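In our numbering, the protein residues as written are 1 to 369. As structure tokens, the structure follows; a few thoughts come after it.
Here it is in structure tokens:
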């Protein structure tokens, strides 16, 4: 086996990597099919990077390692993190992620290193990472409860922010959308959830990246991951073991009247009652638009808002411009638009300010008849 491994690997490349690690005192950590540097590195100062700071690198020769890649991508700006995807043989899997301090450094890396001739006949492809944070869990058992599922996912993976459920006809087909704090946490969960559900509960579920589009299409980055990742998606049986390993949902109150649409429900809550219609119970006043939008969605059980935020550019006035796409699972269409904010003191605060700007716009739209 060791002889076969040496035949697969480029011995000179391995020796160069080991020499570089020893000379520079660089530490690399192997975790679930990827080898990570930093996150943050020892000399890092300041907050963790926010959205728009990561680039996706593909078309990497399989015998090229961090001793060549990290110095190259450092030339564009300070690296917060570098992740090289690895396979069991010890070769890289042809793609990696580099995360920078700010979106400007990420943009500089794309401009200067896209189509960079790393080897003769090998041109790197560098572009902005999609940084997807939502996973779609399919073929869940009928009767699954959202709160229990959220607890289970938090036990199995890190960084779970929220979970919403989508039901098929007759509530027999259940799909969950899990929102994570980072692409890295979602990627790690994508590999672990299938095996964990099979081992702990005796059921097989499907796990894939969630797409906002009605007809999802894999882009280059997703195709690389779907082709190379282990444990991403497994075929699921049509019949689940009974009883369901997760507690059943709470029974729904029967109402003979046809239910109003989620859009109408939200509008009715956000607008004062008119005419003889009795007023609805008041919602406690919340000055924070993010909290208010979440409270409204929870009140009508349409699922928590899922925020997809992308840095756009810095305006001449100093404002940072972001595009937002916010999906409320119970509504037919996502809300989209552009929000601008002043630069913040930390990445989490920056993200939250963009969420708040988006939530304010959505609440205004929902309050209009």
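We put the CB at the ideal spot given by N, CA and C, even for glycine. Fair warning: this is a prediction, and the values are worked out from it, not measured in the lab.
Closest residue to residue i among the options (Cα-Cα distance)
| i | options | result |
| --- | --- | --- |
| residue 46 | 34, 80, 64, 18 | 80 |
| residue 62 | 95, 121, 305, 111 | 95 |
| residue 147 | 25, 138, 160 | 160 |
| residue 119 | 151, 209, 138, 69 | 69 |
| residue 158 | 190, 333, 142, 121 | 190 |
| residue 197 | 211, 310, 149, 317 | 149 |
| residue 188 | 30, 361, 25 | 30 |
| residue 185 | 209, 200, 331 | 209 |
| residue 71 | 103, 24, 85 | 24 |
| residue 211 | 11, 84, 333, 199 | 333 |
| residue 180 | 199, 131, 201, 168 | 131 |
| residue 363 | 290, 317, 348 | 290 |
| residue 121 | 60, 84, 151, 85 | 60 |
Proximal residues to residue i (C-beta, below 8 Å), its chain only, five neighbours per side dropped
| i | result |
| --- | --- |
| residue 340 | 315, 319, 320, 321, 322, 357 |
| residue 105 | 53, 76, 77, 78 |
| residue 19 | 67 |
| residue 17 | 65, 66, 67 |
| residue 28 | 21, 35, 36, 37, 66 |
| residue 109 | 55, 73, 76, 77, 98, 100, 126 |
| residue 215 | Low confidence applies to residue 215: its pLDDT is 42, below 50, so where it sits in the model is not reliable enough to give any reading. |
| residue 278 | Because the pLDDT at residue 278 is just 37, under 50, the model does not fix this residue reliably, and the value given afterwards should be weighed accordingly. Excluding positions up to five away in sequence, the list is empty. |
| residue 12 | none |
| residue 168 | 174, 175 |
| residue 26 | 20, 37, 66, 70 |
Beta-carbon proximity check, residue i vs residue j, cutoff 8 Å
| i | j | result |
| --- | --- | --- |
| residue 156 | residue 163 | no |
| residue 107 | residue 82 | no |
| residue 336 | residue 352 | no |
| residue 178 | residue 135 | yes |
| residue 101 | residue 49 | yes |
| residue 111 | residue 182 | no |
| residue 205 | residue 139 | yes |
| residue 203 | residue 141 | yes |
| residue 137 | residue 207 | yes |
Cutoff 6 Å; reference residue i; Cβ partners in own chain excluding five residues on either side
| i | result |
| --- | --- |
| residue 166 | 175, 329 |
| residue 115 | 123 |
| residue 44 | none |
| residue 307 | 326, 355 |
| residue 151 | none |
| residue 85 | 34, 93, 95 |
| residue 281 | With a pLDDT of 37 at residue 281, under the threshold of 50, the modelled position of this residue cannot be trusted; read the value that follows with caution. No residues qualify anywhere along the chain. |
Whole-number beta carbon distance between residue j and residue i, since they are thought to touch under 8 Å
| i | j | result |
| --- | --- | --- |
| residue 305 | residue 326 | 5 Å |
| residue 312 | residue 359 | Going by Cβ atoms, the distance from residue 312 to residue 359 rounds to 18 Å, so no, they are not a contact pair. |
Same chain, Cβ closer than 7 Å to residue i, five either side skipped, listed in chain order
| i | result |
| --- | --- |
| residue 354 | 309, 322, 324, 339, 341 |
| residue 259 | Model confidence at residue 259 stands at a pLDDT of 47, short of 50, so the residue's coordinates are unreliable and nothing is read from them. |
| residue 117 | 123 |
| residue 317 | none |
| residue 103 | 52, 53, 311 |
| residue 199 | none |
| residue 348 | none |
**Request:** Report yes or no: do three or more beta-carbon pairs, one from the segment 52-62 and one from the segment 125-134, lie closer than 8 Å?
**Result:** yes
**Message:** Pairs of beta-carbons, one from the segment 287-302 and one from the segment 30-40, closer than 8 Å: are there three or more?
**Reply:** no
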